[in-house]
Amino acid sequence: MESTEYAGLRVLIIDDFPNFRTALAKNMHTLGFRHINSVSSGSEALSICRKNHYDIIFSDYNLGNGKNGQQLLEEIRYLKLCKLSDLFVLISADTSRDVVMASYDCEPNDYLTKPITGKTLEQRIRRLLAKRQELSPVYTAIDDANLDKAIRLLEELLNANSRYSVDCQKLLGDLYLQQNKYELAEDLYKTVLSSRELDWAKVGLANVELAYGQYGIAASSLDVIIDDHPSYLKAYDSLSDACVSLGDNDRLQKVLEKAALASPMSIGRQKTLADICLVNGDVASAIKAYKKTIKYGANSHYDNVDNHLNLARAITKIYDEDVDSASGATLDAIHLLNNIDSKYEVSDAQKIQATLLNSQINALNGNKKVSNDLFNQAQKLMSQAEERDVEVEVEHVNALIASGKNSESKDVIDEMLIYYKNNQPALEKIDFLLEEPVSIKGKKTIGTINKKGIDYYKSKDFEKSIEYFHKAQKKYPRYIGLKLNFVQALISSIKDDGYNKDYIEKTRSTFKVIERYVSPKNDKYPRYKQLNSMFHQAAQQAEYQERTRINKEKQHD
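Under numbering that gives the first Met the number 0, the sequence shown is numbered contiguously, ending at residue 556.
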């Protein structure tokens, strides 16, 4: 049924199938809309949205090559090409869980599944526009950054028993928190929960606890919410905030891993997961997460050169864990780094980092001439840089070490430590180059983990000791003392508990890494030689006992 109230509203339809665009435009015209445009791609949609304002945007999820509907919505909001009162309706024929979760996660105003009947379309449009009309003054106040006015209008709507009271409560709770009105937010969420157990109100109450600095209590509350409702993604985001406030990066990684399982196509969470995995030294998980960030983030505003640099950086770190498994992964990194400036607008610092990373990988793969040429290119670029950049300098040191220039790398590190001595964030980055951390945070972290590992070792709980030392040496891969503690715990376990293929392989691969850094002049060298000898004896004995056991079983059969 045609409605004259819709005649002044502007509509944009985005779909790569002309027949669907035509059919939807016809249905909208029948309902009374007169200003209707349609385009076939995300790039066309962005272009037309920069020139015109649209009250309602319909976008298919799958738009062929280029941006999908989720990425388009995120970019339109990121670029502020729409107002809060504008409606974005995501449409899809794909009802797979991952697509639906990703779609809901970016919070369109509605989600329609193809095929769409005229009756369904009319019902949804009427409902959406009725809500928009009632809440329009609130949206305008928020767009104008007048949050106190928005709060007053929402309180008036709630006092008047608005039919959209739940929407008003959700929005009001968020605004109370933004405006530091924590007691009002707490009262609101408790009032809601007194009548109905709603996830958003539970998470809201946990956010109040976070605002009060009750991080542990908030984390416990959010754990319960996630256990009960593992698909409620906002709970993961708040729990991530709690982990950051608690300084618990290991727990943060686990929370983000669960969130990524719940919604694998959530690009922002994949990127955050990748970043924290790299900080935690979990190189394998970092590589997987960066690859997913790059895959799902292609054509989105998350698509940037830093994701590729961090993926390459993670790949270079494999050499600090397992030399034998590194060569396969490096081919991807070399290809990526060789082509990075053909796809992106690269800053001077990013160009230097890419060249140094490329130099490292080629050096570690034995391509010394290519590595030296790249290193010389990077040094020339560094000499032309106007400002110092600690991340560039870290990769400079890594490239020197990869090329076997350990003495020169030590000189550079010593100069960096003097220059950045009062810069704790910079020192935390330099920690990863050192045999022992120098930052306050690094010293505290390593001291805690190392002590637990030693305590478990002394009590002969080798499995726990191995777990802690393994975690610590992932965080600080150049800390040779930790690696030696790690292999000592592995050797003790092999001697006491017998053959363990995994432990033997881990010990061998760790010794190969240690050999890259410990020369006969190093004060750790005698301990390294002693442990290496102990390992060969323990491994030979364990392997002999295992062969004997297998032969006896065969004879028995």
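Virtual Cβ for every residue (Gly too), placed ideally from N, Cα, C.
In this text the structure is predicted, and so the values were computed from the model without any measurement.
Since residue i is in the alpha helix (DSSP H), which residue starts that stretch and which ends it?
i, result
"Tyr516", "500 to 516"
"Leu355", "347 to 363"
"Thr29", "17 to 29"
"Ile445", "439 to 457"
"Cys48", "41 to 50"
"Gly68", "68 to 77"
"Asp227", "214 to 227"
"Leu80", "Note, Leu80: premise wrong, no alpha helix (DSSP H); not H, not E."
"Tyr467", "461 to 474"
"Gln252", "248 to 261"
"Asn206", "198 to 210"
"Ile558", "It is not possible to answer for residue 558, since the shown part of the chain is limited to 0 through 556."
"Gly172", "164 to 177"
"Ile339", "339 to 342"
"Ile244", "Reading off the sequence, residue 244 comes out as Ser, not Ile. Its alpha helix (DSSP H) spans residues 232 to 245."
"Lys394", "First, the residue type needs correcting, since residue 394 is Glu and not Lys in the sequence shown. Glu394 -> alpha helix (DSSP H) spans 389 to 401."
"Asp104", "96 to 104"
Using the three-state DSSP reduction, which class does residue i fall into: helix, strand or coil?
i, result
"Asp522", "coil"
"Tyr301", "coil"
"Leu432", "helix"
"Ile55", "strand"
"Gln376", "helix"
"Ile266", "helix"
"Arg312", "helix"
"Pro424", "helix"
"Leu62", "coil"
"Ala144", "coil"
"Thr292", "helix"
"Tyr478", "coil"
"Ser492", "helix"
"Thr116", "coil"
"Asn279", "helix"
"Gln554", "helix"
"Asn371", "helix"
"Arg125", "helix"
"Ser161", "coil"
"Ala6", "coil"
"Met0", "Confidence at Met0 is low in this model, with a pLDDT of 43, below 50, so its placement is unreliable and no value can be given for it."
What are the start and end residues of the beta strand (DSSP E) that includes residue i?
i, result
"Asn570", "A question about residue 570 goes unanswered here, because the residues of the chain that appear run from 0 up to 556."
"Ser91", "86 to 91"
"Leu11", "9 to 13"
Evaluate residue i with the Cβ neighbour count: other Cβ atoms within 10 Å of its Cβ, from every protein chain shown; 16 or more gives buried, anything less gives exposed.
i, result
"Thr509", "buried"
"Lys342", "exposed"
"Pro107", "buried"
"His555", "exposed"
"Met0", "Its pLDDT being 43, under 50, Met0 is placed unreliably in this model, and the coordinates cannot settle the point."
"Leu330", "exposed"
"Val202", "buried"
"Tyr211", "exposed"
"Gln132", "exposed"
"His395", "buried"
"Leu209", "buried"
"Pro591", "Outside the shown range of the chain, which is 0 to 556, sits residue 591, and nothing can be said about it."
"Gln70", "buried"
"Ala6", "exposed"
Since residue i sits in a beta bridge, which residues does DSSP pair it with?
i, result
"Tyr188", "In the DSSP output, where bridge partners are listed per residue, Tyr188 has none listed."
"Asp565", "No information on residue 565 is available, as it lies outside the stretch 0 to 556 that the chain covers here."
Next item on the list: Examine the Cβ distances between the segment 266 to 283 and the segment 473 to 483 and report whether three or more of them are shorter than 8 Å.
Entry: Taking a cut-off of 8 Å on C-beta distances, the segment 266 to 283 touches the segment 473 to 483, as three or more cross pairs fall below it.
Next item on the list: Spell out a yes or no on whether the segment 8 to 16 and the segment 40 to 58 are touching, meaning 3 or more CB-CB pairs, one atom from each, closer than 8 Å.
Entry: yes
Checklist line | Contact between the segment 364 to 383 and the segment 412 to 420 (3+ Cβ pairs under 8 Å) | finding: By the Cβ rule, the segment 364 to 383 does not count as touching the segment 412 to 420, because fewer than three pairs are nearer than 8 Å.
Next item on the list: Could you tell me whether the segment 533 to 553 touches the segment 444 to 454, using the rule of 3 or more Cβ pairs below 8 Å?
Entry: no
Check: Okay, do the segment 487 to 494 and the segment 457 to 464 touch, 3+ Cβ pairs below 8 Å being the bar?
Finding: yes
Next item on the list: Kindly confirm or deny that the segment 403 to 418 and the segment 521 to 533 touch, where touching means at least three C-beta pairs closer than 8 Å.
Entry: no
Notebook entry, point to check: Would you say the segment 352 to 371 touches the segment 305 to 313, given that touching needs at least three Cβ pairs under 8 Å?
Noted result: yes
Notebook entry, point to check: Does the pairing of the segment 213 to 222 with the segment 179 to 197 give three or more beta-carbon distances under 8 Å?
Noted result: Here the segment 213 to 222 makes no contact with the segment 179 to 197; the two share fewer than three CB pairs at distances below 8 Å.
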